[in-house]
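Enquirer: One structure, as structure tokens, below. Some questions next.
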Amino acid sequence: MVIQTVRGQLTAIDPEKKRRFLLAVSTGVDSMVLLQVFCQLFPEMQKEQVFGVAHVNHQLRPASAEEAAFLRQYCQERGIPFYERCWENPPETGIEASARDFRYTFFADVMSREGYDVLLTAHHSDDQVETMLMKMMREGRLQSAGGMQQQQPFHAGILLRPLLSVSKTAIYDYAQVQQIPYFEDESNHEPLYLRNRLRQQVVPALKAENPQLLPHFQQLSVEMQFANQLIQQEQQQWLSAFVQQQATRLVIDLQQLPTFSPAQRYFFYAGFLQQAEAFTKHPLNQKQLPQLLRLLDEKKGQWQLALHKQWQLRRSYDQLLLEPVAVSQKPATPLTEVSQRLVLGEGIYLSEKEWIGYFPINEQHIPKKITNWSEFSQDLPLNYSSELIVRKRQPGDRIRLARGLTKKISRFFIDSKIPNEEREKSWVVTNLDKQVIALLPHAFSYLSIAPETDKIHYILLYKYQK
64 MVIQTVRGQL
74 TAIDPEKKRR
84 FLLAVSTGVD
94 SMVLLQVFCQ
104 LFPEMQKEQV
114 FGVAHVNHQL
124 RPASAEEAAF
134 LRQYCQERGI
144 PFYERCWENP
154 PETGIEASAR
164 DFRYTFFADV
174 MSREGYDVLL
184 TAHHSDDQVE
194 TMLMKMMREG
204 RLQSAGGMQQ
214 QQPFHAGILL
224 RPLLSVSKTA
234 IYDYAQVQQI
244 PYFEDESNHE
254 PLYLRNRLRQ
264 QVVPALKAEN
274 PQLLPHFQQL
284 SVEMQFANQL
294 IQQEQQQWLS
304 AFVQQQATRL
314 VIDLQQLPTF
324 SPAQRYFFYA
334 GFLQQAEAFT
344 KHPLNQKQLP
354 QLLRLLDEKK
364 GQWQLALHKQ
374 WQLRRSYDQL
384 LLEPVAVSQK
394 PATPLTEVSQ
404 RLVLGEGIYL
414 SEKEWIGYFP
424 INEQHIPKKI
434 TNWSEFSQDL
444 PLNYSSELIV
454 RKRQPGDRIR
464 LARGLTKKIS
474 RFFIDSKIPN
484 EEREKSWVVT
494 NLDKQVIALL
504 PHAFSYLSIA
514 PETDKIHYIL
524 LYKYQK
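The opening residue of the sequence shown carries number 64 in my numbering; numbering runs sequentially from there.
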């Protein structure tokens, strides 16, 4: 069964293309069986060198040197190219993850340097059950709970796990029948690591409950991986259609979103957060997806959700934005925050990107460099004073919008759905009686509108650069 399974996997990847295979071999029973199978499949090894062996000596156990020497001699006797690397400086913590990174970096180096295009590992179906259980326990995410793939891209080539459907028992049986030498890693029996505890305590109990555990998990893995592929295809289409990527932020126009089902909505925003993670290059917290969905359900016009100390999600009415925190917390600072007098016939800069002028209707003096800036203006009747006051809004400020309608400016902002950062940039213009005549660049007061019988003599002109 073992050799037929491996042969079938090799044929399936591309029967027309001549491949060169690199086997990751540790001297454990799984990888030694895989090596022996290759020796049987390619008996004329010395002539073609179809495959080679890569081994990492982690130097974490006294037997490591003996195992490396054994494998080196085993390959030399059979004419198999052998590549070895020692792990010189293992960290004090996170050894498992660091060792894995070291191994796969080494494998990629060998493949690139020696011309191999397929890396093979000896993971089997018991490994798959352990991996799926670990992913479910640690992450609880569909994306990772499907476990290891039979085949996946790896650098410029392929990573293949041809024994993933074969049980550990079948591998031991094959090794015994074929009299394959191997080493047992005693550290695999230590309860220090979660995988070992699952292997020794949990998986045997599950097998005792149902002897079909391995094929059931294999089927579950296949279905979960296919489900993930379908979800990712949908996510890619949604993100391409509805997420606009700008220089420093991602933007969703919420009004443009279709009517998603609850499942579609969940995976659209899950995909958006994955895109946000790649865009910001900062890992996100799993709790942030339910937090985002809850905030969207509250129907508030404006809110912020911190994703990281440098990044946030911000709703601004019909837009959802991923942006650096500084964008909304540090608006462009005006050159002055104090009240300024605006004298008839003059113009003043309010900031580097804002200018205001108050002129007789036919005597406007606009600086040349701001000619093409955006403009917000109002003609004023003759009875206006020769001075106006320009300042930032203050608590209690009110603006008259119609003959019988006066609103607090704070309420006007809310009703008009003006974002917070735009509110902070706004300017209030009053006459000398402290009556608000303009809220720039959003509205002019009813007081500034001249009756039709009046002659218009002045203009209030606000220019700004977006």
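Just so you know, even glycine gets a beta-carbon here, dropped at the ideal spot from N, CA and C.
Tell me, please, whether the segment 462 to 473 touches the segment 359 to 378 by the rule of three or more beta-carbon pairs shorter than 8 Å.
Expert: Too few Cβ pairs lie closer than 8 Å, so no.
Enquirer: Looking at C-alpha atoms only, which residue of L86, R377, H118, M287 is the closest neighbour of Y179?
Expert: Numbered from 1 along the sequence shown, position 116 holds the residue referred to as residue 179. It is L86 whose Cα lies nearest to the Cα of Y179.
Enquirer: Going by C-alpha to C-alpha distance, which of F217, K497, D316, M195 sits closest to R258?
Expert: Walking along the sequence shown from the start, residue 258 turns up at place 195. It is M195 whose Cα lies nearest to the Cα of R258.
Enquirer: Could you pull the start and end residues of the beta strand (DSSP E) that V181 belongs to?
Expert: Along the sequence shown, one-based indexing puts residue 181 at 118. Taken as a continuous stretch (DSSP letters only), the beta strand (DSSP E) holding V181 covers 181 to 183.
Enquirer: Are the CB atoms of S188 and K198 nearer to each other than 9 Å?
Expert: Counting from one through the sequence shown, the residue named residue 188 turns up at place 125. Counting from one through the sequence shown, the residue named residue 198 turns up at place 135. Their beta carbons are not under 9 Å apart, which means S188 does not touch K198 by this criterion.
Enquirer: Between which two residues does the beta strand (DSSP E) harbouring I452 extend?
Expert: In the sequence shown, counting from the first residue as 1, residue 452 sits at position 389. Per DSSP, I452 belongs to the beta strand (DSSP E) from 450 to 454.
Enquirer: F114 by DSSP, collapsed to three states: which one?
Expert: Residue mapping note: residue 114 aligns to position 51 of the sequence shown, counting from 1. Note: F114 maps to strand in three-state DSSP.
Enquirer: Could you say which of V92, T90, F101, M95 lies nearest to Q67 if we only look at CA atoms?
Expert: Within the sequence shown, residue 67 is the residue found at index 4, counting from 1. Here the closest residue by C-alpha is F101.
Enquirer: Determine the direct distance from the alpha carbon of L358 to that of Q215, and round the result to whole angstroms.
Expert: Counting from 1 along the sequence shown, the entry for residue 215 is found at position 152. Counting from 1 along the sequence shown, the entry for residue 358 is found at position 295. Between Q215 and L358, the C-alpha separation is close to 37 Å.
Enquirer: Could you tell me the distance, in whole angstroms, from the CA atom of G142 to the CA atom of L104?
Expert: Translated into the one-based positions of the sequence shown, residue 142 becomes position 79. Translated into the one-based positions of the sequence shown, residue 104 becomes position 41. Between G142 and L104, the C-alpha separation is close to 15 Å.
Enquirer: Less than 7 Å between C-beta atoms, sequence neighbours within five positions excluded: which residues of the same chain meet that for S489?
Expert: Counting from one through the sequence shown, the residue named residue 489 turns up at place 426. The residues are R456, L502, L503, H505.
Enquirer: Return helix, strand or coil for Q275, following the three-state DSSP convention.
Expert: Within the sequence shown, numbered from 1, the residue matching residue 275 stands at position 212. The answer is coil: DSSP assigns Q275 none of H, G, I, E or B.
Enquirer: Mapping DSSP to helix, strand and coil, what is R83?
Expert: Sequence index remark: in the sequence shown, residue 83 carries index 20 (1-based). Coil.
Enquirer: Using the rule of at least 16 other Cβ atoms within 10 Å of the residue's Cβ for burial, across every protein chain shown, is A304 buried or exposed?
Expert: Taking the sequence shown and counting its residues from 1, one reaches residue 304 at position 241. Looking at its Cβ environment, which holds fewer than 16 other Cβ atoms inside 10 Å, A304 is exposed.
Enquirer: Quick one: measure Cβ to Cβ for Y527 and S437, integer angstroms, because I've assumed they're closer than 8 Å.
Expert: Counting from one through the sequence shown, the residue named residue 527 turns up at place 464. Counting from one through the sequence shown, the residue named residue 437 turns up at place 374. With 8 Å as the limit, Y527 and S437 qualify as a contact, their Cβ atoms being about 5 Å apart.
Enquirer: With burial defined as no fewer than 16 other Cβ atoms inside 10 Å of the residue's Cβ, what is the status of T74: buried or exposed?
Expert: As a working mapping, residue 74 is identified with position 11 in the sequence shown. Exposed: under 16 other Cβ atoms inside 10 Å.
Enquirer: Is the number of C-beta pairs between the segment 210 to 227 and the segment 297 to 311 that are closer than 8 Å three or more?
Expert: The segment 210 to 227 is not in contact with the segment 297 to 311.
Enquirer: Helix, strand or coil for I66, going by three-state DSSP, please let me know.
Expert: Walking along the sequence shown from the start, residue 66 turns up at place 3. Helix, per DSSP.
Enquirer: Confirm, please, whether the CB-CB distance from V88 to V116 is below 9 Å.
Expert: Walking along the sequence shown from the start, residue 116 turns up at place 53. Walking along the sequence shown from the start, residue 88 turns up at place 25. A contact, by the Cβ cut-off of 9 Å.
Enquirer: Using a 10 Å radius around the Cβ and a threshold of 16 neighbouring Cβ atoms, would you call A219 buried or exposed?
Expert: Translated into positions along the sequence shown, residue 219 becomes position 156. Classification of A219: exposed, given that the 10 Å Cβ count is below 16.
Enquirer: Do V453 and V492 count as a contact pair if the criterion is CB distance below 9 Å?
Expert: If you number the sequence shown from 1, residue 492 lands on position 429. If you number the sequence shown from 1, residue 453 lands on position 390. A contact, by the Cβ cut-off of 9 Å.
Enquirer: When the Cα atoms are used, what is the spatial distance from I522 to L385?
Expert: Locating residue 522 in the sequence shown gives position 459, where the first residue counts as 1. Locating residue 385 in the sequence shown gives position 322, where the first residue counts as 1. Their backbone Cα atoms lie some 40 Å apart in a straight line.
Enquirer: Rounding to the nearest angstrom, what Cα-Cα distance links W150 and L356 in this structure?
Expert: As a position in the sequence shown, residue 150 is number 87, starting the count at 1. As a position in the sequence shown, residue 356 is number 293, starting the count at 1. C-alpha separation (whole angstroms): 45 Å.
Enquirer: Since Y237 and V96 should fall inside the 8 Å C-beta cutoff, what is the C-beta to C-beta distance between them, to a whole number of angstroms?
Expert: Numbered from 1 along the sequence shown, position 174 holds the residue referred to as residue 237. Numbered from 1 along the sequence shown, position 33 holds the residue referred to as residue 96. Indeed they touch by this definition, with Cβ atoms about 6 Å apart.
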